[in-house]
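What follows is a short report on a single structure.
There are 2 protein chains.
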Amino acid sequence: MATIEDVAKRAGVSAMTVSRVLNNSGYIGVKTREKVERAIEELGYVPNALARSLRFKTTHTLALVLTDITNSYFTTVARGVEDMANARDFTVMFCNTDESPDKEMKYLSVLAQKQVDGVLLVPAFSSPDPILFLKARGIPVVVLDRRIPDVEVDTVRTDSVRGAYQITRHLLDLGHRRIAILTGPVEISTSTDRVAGYKQALLEAGLSEADAVIMGGAYTISSGYQLAQRALALKPTPTALFAGNNFIAIGVLRALRDAGVRVPDEMSVVSFDDLPSTTVVDPFLTVVSQPAYAIGEQGTSRLFDVLAGRAQTAPLDLVLPAELIVRQSSGAPRRKDQDMG
Amino acid sequence: MATIEDVAKRAGVSAMTVSRVLNNSGYIGVKTREKVERAIEELGYVPNALARSLRFKTTHTLALVLTDITNSYFTTVARGVEDMANARDFTVMFCNTDESPDKEMKYLSVLAQKQVDGVLLVPAFSSPDPILFLKARGIPVVVLDRRIPDVEVDTVRTDSVRGAYQITRHLLDLGHRRIAILTGPVEISTSTDRVAGYKQALLEAGLSEADAVIMGGAYTISSGYQLAQRALALKPTPTALFAGNNFIAIGVLRALRDAGVRVPDEMSVVSFDDLPSTTVVDPFLTVVSQPAYAIGEQGTSRLFDVLAGRAQTAPLDLVLPAELIVRQSSGAPRRKDQDMG
DNA sequence: CGGTGTTAGGTTATGGTTAACATATTCAGG
DNA sequence: CCTGAATATGTTAACCATAACCTAACACCG
Chain A
0 MATIEDVAKR AGVSAMTVSR VLNNSGYIGV KTREKVERAI EELGYVPNAL ARSLRFKTTH
60 TLALVLTDIT NSYFTTVARG VEDMANARDF TVMFCNTDES PDKEMKYLSV LAQKQVDGVL
120 LVPAFSSPDP ILFLKARGIP VVVLDRRIPD VEVDTVRTDS VRGAYQITRH LLDLGHRRIA
180 ILTGPVEIST STDRVAGYKQ ALLEAGLSEA DAVIMGGAYT ISSGYQLAQR ALALKPTPTA
240 LFAGNNFIAI GVLRALRDAG VRVPDEMSVV SFDDLPSTTV VDPFLTVVSQ PAYAIGEQGT
300 SRLFDVLAGR AQTAPLDLVL PAELIVRQSS GAPRRKDQDM G
Chain B
0 MATIEDVAKR AGVSAMTVSR VLNNSGYIGV KTREKVERAI EELGYVPNAL ARSLRFKTTH
60 TLALVLTDIT NSYFTTVARG VEDMANARDF TVMFCNTDES PDKEMKYLSV LAQKQVDGVL
120 LVPAFSSPDP ILFLKARGIP VVVLDRRIPD VEVDTVRTDS VRGAYQITRH LLDLGHRRIA
180 ILTGPVEIST STDRVAGYKQ ALLEAGLSEA DAVIMGGAYT ISSGYQLAQR ALALKPTPTA
240 LFAGNNFIAI GVLRALRDAG VRVPDEMSVV SFDDLPSTTV VDPFLTVVSQ PAYAIGEQGT
300 SRLFDVLAGR AQTAPLDLVL PAELIVRQSS GAPRRKDQDM G
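As given, the protein sequences belong to chains A and B, one line each in that order. Sequential numbering from 0 applies to the first sequence in numbering that gives the first Met the number 0. Sequential numbering from 0 applies to the second sequence in numbering that gives the first Met the number 0.
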């Protein structure tokens with residue numbers, strides 16, 4: 000790769016003159032400019048951003064650290080991040096943590112070394128450590144999707160409590176009284192928030208804590224499958240299942256299919272997180288849909304505000320609304336199943 | 000962010016000594032090492048990878064340039080790339096080109112400036128320019144998913160010809176004689192390769208060029224929808240539709256649903272590219288499935304070989320087999336539709 | 001014609017790290 | 001006790017680009 004010095008030599012000028020041509024700064028003679036531009040062309044020179052970054056202490060690079068890019072929800076978040084970053088001439092590094100705090104920490108260390116200008120983090124775990132690590136090194140962070148307790152940090156997420164409330168309410172309105180929520184790990188805020196919204200709706204409908212059926216597992220298909228099997232074994236059997244995310248929903252639907260339970264006739268199923276419209280012919284599942292793209296976009300936008308010193312001191316907690324989309328997977332419970340309110 | 004000089008001062012030694020501790024090189028006294036390690040700890044120092052990269056001319060960073068991370072196929076490719084890169088302590092920058100050669104070129108220029116060690120490219124267009132650009136700057140490239148004619152470059156892709164042959168053969172074996180292929184842009188090799196495999200199967204089955212129904216559009220859902228509508232309007236109507244990729248397949252299935260055409264009873268549908276198993280409860284579509292993860296992995300592996308100087312001179316053209324997965328969307332044509340072979 | 005401002009370009013130092021070289025201390029062996 | 005090897009640490013220069021400073025030629029004014 001040619002350096003600025005190579006260009007300078009070929010054009011018969013100093014490196015500084017080339018730099019001036021590149022950055023359109025200072026005075027440059029017309030003929031000199033031409034000579035330099037020709038030399039740049041001939042050598043296929045591109046300036047070395049490392050050297051620049053070393054001086055200016057900015058790399059025009061962000062990092063997106065998430066649990067698994069393979070989850071369509073995060074794919075969409077990632078796309079939102081990339082589009083927003085690209086619009087400001089930033090590039091994005093991406094890192095999959097697979098929900099492992101170790102892997103997450105290793106990545107953050109590498110990212111700090113690479114001097115990324117900022118980090119968008121979907122935390123693997125509800126620990127303040129990753130945030131503190133970045134803060135100690137002066138690297139701005141915005142947390143996406145999940146809350147982290149006990150630490151001041153900008154956050155952009157979906158209103159899980161209200162979303163869960165709405166969809167539970169929808170089931171209650173249909174007449175369901177035995178609704179099980181099959182959700183992710185208790186260490187992740189989305190999980191606990193969704194349970195909170197679920198409970199709130201139950202209580203408001205005159206049900207008691209004892210009527211809540213809360214089953215925690217992981218945000219995976221296999222976990223959804225197992226949780227659904229366990230839910231089917233309960234006496235009395237729930238009339239509706241609320242999946243904590245899209246992976247769990249798929250697992251639940253497969254378990255019901257394998258058990259020969261028809262949806263929604265014999266069992267209503269709803270889910271947090273929609274399935275990507277690009278892979279589904281006929282959307283069937285009643286869901287609360289998260290504004291994934293907007294979360295990526297808004298989070299990145301906030302990061303730019305911080306980088307520009309435009310951010311207020313108070314940490315942002317931007318909570319975007321989820322959208323209830325009623326489809327065919329939820330219906331009234333069969334009469335014989337119905338409780339007497 | 001603390002520098003090595005800050006650490007040196009705090010430990011009362013020179014920067015070089017700190018460097019030696021960091022890299023475990025040369026001789027270090029026990030007590031000195033302790034002092035330095037304490038200083039590193041206290042300051043939360045991490046070495047500046049920019050400065051290192053400037054010296055060593057390697058950034059431990061790869062770039063993945065693809066058309067759209069939102070396509071589940073590319074998401075999986077990306078995951079393969081990231082896992083392989085991560086295993087070697089490399090990070091990955093990702094860039095969506097949206098099939099725009101302009102955007103692609105802009106990205107490549109930025110990546111060259113940022114001194115990435117190598118690029119994994121899903122080309123937006125069948126032009127050698129991006130390859131030549133990178134080669135001129137000494138940046139290794141591996142092309143993924145698509146071929147680029149008229150240029151020597153390492154390539155890792157699916158055997159589109161054979162995959163298309165197999166699935167067309169499958170339809171022919173079921174008795175179909177009027178099979179339309181609805182595919183992507185003619186400028187993209189996957190598209191032309193799939194058409195080639197399709198034709199080959201037809202000819203082998205004793206059909207003629209005239210029996211081929213080839214409709215080109217874009218690799219999008221809306222294009223699939225429109226192509227299917229046009230295919231339905233043909234006289235005689237095809238008895239089977241072969242979608243060129245997963246997006247087209249979704250569009251086709253929606254068009255058939257809207258037209259009230261039942262699959263597979265009234266129309267068989269097959270597709271190149273599977274839908275992600277993580278978003279489908281009951282896989283229904285007969286497909287040739289591409290080894291997306293392996294493509295990412297193998298491409299990255301090849302890139303590492305090149306970086307290590309371990310690559311043979313001859314450009315690699317690694318063609319991975321596609322897998323025919325027969326499901327319910329393909330069946331025998333209805334009798335009244337059947338041609339007399 | 002001297003002074004001043006404009007134009008055009010060069011020189012030096014800096015950013016953080018480390019290879020190469022230089023210097024200083026310790027210790028074993030003769 | 002001296003010599004030379006082994007050990008321990010420091011100094012300089014280089015990677016590449018550029019801000020800050022400096023020099024020089026020229027035009028224009030009074």
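All residues carry an ideal CB built from backbone N, CA and C; glycine is no exception. Just so you know, these numbers come straight off a predicted model, no measurement behind them.
Quick check: the Cα distance between residue i and residue j, rounded to an integer number of angstroms?
| i | j | result |
| --- | --- | --- |
| residue 52 of chain B | residue 60 of chain A | 15 Å |
| residue 193 of chain A | residue 113 of chain A | 36 Å |
| residue 143 of chain B | residue 67 of chain A | 21 Å |
| residue 28 of chain A | residue 130 of chain B | 35 Å |
| residue 83 of chain B | residue 135 of chain B | 26 Å |
| residue 4 of chain B | residue 39 of chain B | 11 Å |
| residue 107 of chain A | residue 116 of chain A | 12 Å |
| residue 317 of chain A | residue 213 of chain B | 50 Å |
| residue 62 of chain A | residue 283 of chain A | 35 Å |
| residue 209 of chain B | residue 160 of chain B | 20 Å |
| residue 99 of chain A | residue 30 of chain A | 59 Å |
| residue 109 of chain B | residue 74 of chain B | 22 Å |
| residue 50 of chain A | residue 244 of chain A | 45 Å |
| residue 338 of chain A | residue 323 of chain A | Because residue 338 of chain A sits at a pLDDT of 48, beneath the cut-off of 50, its placement in the model cannot be relied upon, and the following sentence gives the value as read from the coordinates. If you take the alpha carbons of residue 338 of chain A and residue 323 of chain A, they lie about 25 Å apart. |
| residue 258 of chain B | residue 191 of chain A | 44 Å |
Thinking just about the alpha-carbon of each residue, which of the options is nearest to the one in residue i?
| i | options | result |
| --- | --- | --- |
| residue 18 of chain A | A:47, A:216, A:0 | A:47 |
| residue 41 of chain A | A:146, A:212, A:0 | A:0 |
| residue 124 of chain B | B:183, B:71, B:317 | B:183 |
| residue 249 of chain A | A:265, A:285, A:21 | A:285 |
| residue 289 of chain A | A:281, A:280, A:276 | A:276 |
| residue 102 of chain B | A:15, A:105, A:86, A:225 | A:86 |
| residue 35 of chain A | A:14, A:157, A:252, A:152 | A:14 |
| residue 265 of chain A | A:256, A:272, A:271 | A:256 |
| residue 300 of chain A | A:188, A:200, A:111, A:76 | A:76 |
| residue 203 of chain B | B:120, B:58, B:176, B:93 | B:176 |
| residue 37 of chain A | A:64, A:58, A:89, A:7 | A:7 |
| residue 199 of chain A | A:190, A:188, A:211 | A:211 |
| residue 95 of chain B | B:111, B:72, B:64 | B:64 |
| residue 325 of chain B | B:26, B:70, B:165, B:234 | B:165 |
| residue 351 of chain A | A:149, A:145, A:187 | Past the boundaries of the shown model lies residue 351 of chain A; chain A is included only from 0 to 340, so the question cannot be answered. |
Would residue i be called buried (16 or more neighbouring beta carbons within 10 Å of its own) or exposed?
| i | result |
| --- | --- |
| residue 44 of chain B | buried |
| residue 122 of chain A | buried |
| residue 332 of chain A | buried |
| residue 24 of chain A | exposed |
| residue 56 of chain A | exposed |
| residue 238 of chain A | buried |
| residue 314 of chain B | exposed |
| residue 223 of chain B | buried |
| residue 72 of chain B | buried |
| residue 141 of chain A | buried |
| residue 179 of chain B | buried |
| residue 153 of chain B | buried |
Under 8 Å, do residue i and residue j count as touching if we go by C-beta distance?
| i | j | result |
| --- | --- | --- |
| residue 196 of chain B | residue 174 of chain B | no |
| residue 246 of chain B | residue 220 of chain B | yes |
| residue 207 of chain B | residue 263 of chain B | no |
| residue 227 of chain A | residue 181 of chain A | yes |
| residue 80 of chain A | residue 216 of chain A | no |
| residue 319 of chain B | residue 157 of chain B | yes |
| residue 308 of chain B | residue 267 of chain B | no |
| residue 93 of chain A | residue 303 of chain B | no |
| residue 287 of chain B | residue 271 of chain B | yes |
| residue 155 of chain A | residue 297 of chain A | yes |
| residue 278 of chain B | residue 306 of chain A | no |
| residue 133 of chain B | residue 269 of chain B | no |
Quick one: which unbroken alpha helix (DSSP H) runs of 4-plus residues sit fully inside the region 178-222 of chain A? Chain order, please. 188-203
At what residue ranges does the region 72-97 of chain A contain a whole run of the alpha helix (DSSP H), taking only runs of 4 or more? none
Which parts of the region 105-157 of chain B are runs of the beta strand (DSSP E), unbroken and 3 residues or longer, counting only runs that do not cross its ends? 117-120, 140-143, 153-157
At what residue ranges does the region 222-277 of chain A contain a whole run of the beta strand (DSSP E), taking only runs of 3 or more? 239-242, 267-271
At 3 residues or longer, and completely inside the region 274-315 of chain B: list those beta strand (DSSP E) runs for me, N to C. For the region 274-315 of chain B, the full-length beta strand (DSSP E) segments reaching 3 residues or more read 285-288 along the chain.
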